[in-house]
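**Student:** Take a look at this one; I'll ask things after.
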Amino acid sequence: MPAIIHSRPADGERPAITYRAAGDRYVLVEYGEMALDLELNFFVTAVSARLAEHPVPGLVEAAPGFRSLLLHYEPAALDRKDLVAALEEVHDAQQSVRALTIPSRLITLPIAFDDSESREAVRRYATTIRQDAPNVRDNSNIGYILEYNGLDDPEDLYATVTGTEWWNAYTGFFPGLPFMFPLDPRNAITVPKYNPTRTWTAEGAVGLGGPCVAIYPVESPGGYQLFGRTVPVYDILARHDVFRDDPLLIHPGDRVRFLRVGEDQLLSARRDVLENRYEYMIEDDPFSVADYLQRAAEVRDEADALRTAREAAAAGTEVP
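Count along the sequence shown starting at 1, add 151, and that's the number in our numbering.
In structure tokens:
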């Protein structure tokens, strides 16, 4: 059986699309070339939203990735060729990427930088796994993030994190874990992951791995370089009303803005969440791709210069 079951070339401002067999109940739909291009993810998010609004009978789930959709279907109710045909209709009806306005929410979350729980995770790692890891400095990963990106001091990192909205491209790995990318290209930073991984990370920890910021939804192992902590973003027990209908706070296509607070303030907010007294700041705010592209174009030269400087810093930094 061939892996590629159907494909179509790029059409104007719509990306090329490849359909791949992924077992007897799944089809993987890939968009465009393998590149870190948010425009591809905007298209994926829009297609996923359209499938949610107009369900295909027999389609169990459409799980978005950065530039893909994994389609789980029931063969007894939906033949694979009919699934592909239904997706082709969705793609034909889809606007070009630049014309998209995507359903989105702006979620403001408090963050305590260089918090004690993140330091404890790093300390345990250095004590029990790898004492000579280049990303571990004084029980912290922050110094390594600074060096790898050519940043002068922690305040530069904190301003970079709080100075942009973070686009949640997809959710996965652990339930409710958002994979987020900066919407201001000047704030794009990157760092290698742990090698080997940590065995423990606090729930709510915030870290950077590659170009992606993630929030750990549960206490777990992890490989991202830690720089802070926030309030819960996942609760299967629904101890707060925000999780009553959905245990996941942050959905694909949502944006997160971080608000800096002290660790005492964060711990108080976390207690309030568990006691159902915390007020999550969530605003319905549709996302215009055209507006985003215009803003990105206005700062392109500055973003390119910053990227070049950060790449030079990375080239001279040891990798774990």
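Cβ coordinates follow ideal geometry from the N, Cα and C atoms, glycine included.
Does DSSP classify Val-248 as helix, strand or coil?
**Tutor:** The answer is helix: DSSP assigns Val-248 an H, G or I state.
**Student:** Do you know how far the Cα of Trp-317 is from the Cα of Tyr-170?
**Tutor:** 29 Å
**Student:** Here's the rule I'm using: 16 or more other beta-carbon atoms within 10 Å means buried, otherwise exposed. How should Asp-405 be labelled?
**Tutor:** The residue in question, Asp-405, is buried, as its Cβ has 16 or more Cβ neighbours within 10 Å.
**Student:** Near Val-207, what residues of its chain come up, given a Cβ to Cβ distance below 6 Å and the 5 sequence neighbours on each side ignored?
**Tutor:** Exclusion of the five residues before and after Val-207 leaves Ala-237 as the residues of its chain whose Cβ lies within less than 6 Å of its Cβ.
**Student:** DSSP state of Gly-373, grouped into three classes?
**Tutor:** strand
**Student:** Whole angstroms is fine: what's the gap from Arg-176's alpha carbon to Tyr-299's?
**Tutor:** 43 Å
**Student:** Below 8 Å on the Cβ atoms is my guess for Pro-372 versus Thr-341; work out the distance and round it to an integer in Å.
**Tutor:** In fact, because the Cβ distance is near 21 Å, the residues do not count as touching under 8 Å.
**Student:** Could you give the distance in angstroms between the alpha-carbon of Leu-251 and the alpha-carbon of Ala-197?
**Tutor:** 8 Å
**Student:** According to DSSP, Glu-181 sits in a beta bridge with which residue or residues?
**Tutor:** Thr-169, Ser-219
**Student:** Which whole-angstrom value is the C-beta distance of Asn-319 and Pro-403, which I expect to be below 8 Å?
**Tutor:** 6 Å
**Student:** Could you tell me the alpha carbon to alpha carbon distance between Glu-475 and Arg-380, rounded to whole angstroms?
**Tutor:** Residue 475 falls outside the range modelled here, since the chain spans only 152 to 471, and no answer is possible.
**Student:** Can you tell me whether Phe-394 is buried or exposed? The criterion is at least 16 other CB atoms within 10 Å of its CB, across all chains shown.
**Tutor:** buried
**Student:** Based on DSSP bridge pairs, tell me the residues matched to Glu-462.
**Tutor:** Answer by DSSP bridge pairing: none, since Glu-462 is not bridged.
**Student:** What residue from Leu-202, Ala-464, Glu-240 has the CA that sits closest to Asp-303's CA?
**Tutor:** Ala-464
**Student:** To the nearest angstrom, how far is the alpha carbon of Gly-355 from that of Ala-173?
**Tutor:** 33 Å
**Student:** What residue ranges within the segment 361 to 426 form continuous alpha helix (DSSP H) runs of no fewer than 4 residues, ordered along the chain?
**Tutor:** Restricting attention to alpha helix (DSSP H) runs no shorter than 4 residues, the segment 361 to 426 encloses them at 414 to 425, ordered along the chain.
**Student:** Trp-318 bridges to which residues according to DSSP?
**Tutor:** Phe-332, Arg-406
**Student:** As a quick exercise: from Asn-192, Gly-183, Arg-159, pick the residue whose alpha carbon is nearest that of Phe-332.
**Tutor:** Asn-192
**Student:** Between the C-alpha atoms of Tyr-276 and Ala-284, what's the straight-line distance to the nearest angstrom?
**Tutor:** 9 Å
**Student:** Is DSSP giving Val-211 helix, strand or coil here?
**Tutor:** strand
**Student:** Just checking my contact of Val-180 with Ser-219 at CB under 8 Å: how many whole Å lie between their CB atoms?
**Tutor:** 6 Å
**Student:** My parser needs the beta strand (DSSP E) runs of 3 or more residues fully inside the segment 232 to 291; what are they?
**Tutor:** As far as the segment 232 to 291 is concerned, its whole beta strand (DSSP E) runs of at least 3 residues are 256 to 264.
**Student:** Can you grab the Cα-Cα spacing for the pair Leu-234 / Ala-154, in whole Å?
**Tutor:** 16 Å
**Student:** Are Ile-258 and Phe-378 touching if we call contact CB-CB under 8 Å?
**Tutor:** no
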